[in-house]
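In the numbering used here, the protein residues as written are 85 to 163. Yeah, the Cβ is synthetic: ideal placement off N, Cα and C, and Gly gets one too. Below you'll find the structure, written out as structure tokens, and then a few comments.
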């Protein structure tokens, strides 16, 4: 995957909205992951991996936004 640098200038309110939206998006995928935990079989495992990757990718975006605003912060374990 190709990475590109994106510079965006946001005011404090816009940053709060962006962070809240990313957290809601992550939480939505976390809920889907929890719903899938009951399922069994190869398709269920694939779905689990898919939702875990989505949660991880969004958490990385949240961390990048927070790091750029507040500096690098210690991270908790995986979600």
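Boundaries of the alpha helix (DSSP H) in which residue i is found, first to last residue
i, result
"residue 101", "96-120"
"residue 144", "126-154"
Among the options, nearest to residue i - alpha-carbon criterion
i, options, result
"residue 90", "155, 149, 137 and 160", "149"
"residue 71", "110, 105 and 86", "Summary: the structure shown does not reach residue 71, with the chain confined to residues 85 through 163, and so no result is reported for it."
"residue 133", "117, 123 and 88", "117"
"residue 135", "125, 146, 121 and 160", "121"
contact_flag[the stretch 130-145, the stretch 104-119] where n(CB pairs < 8 Å) is 3 or more: yes
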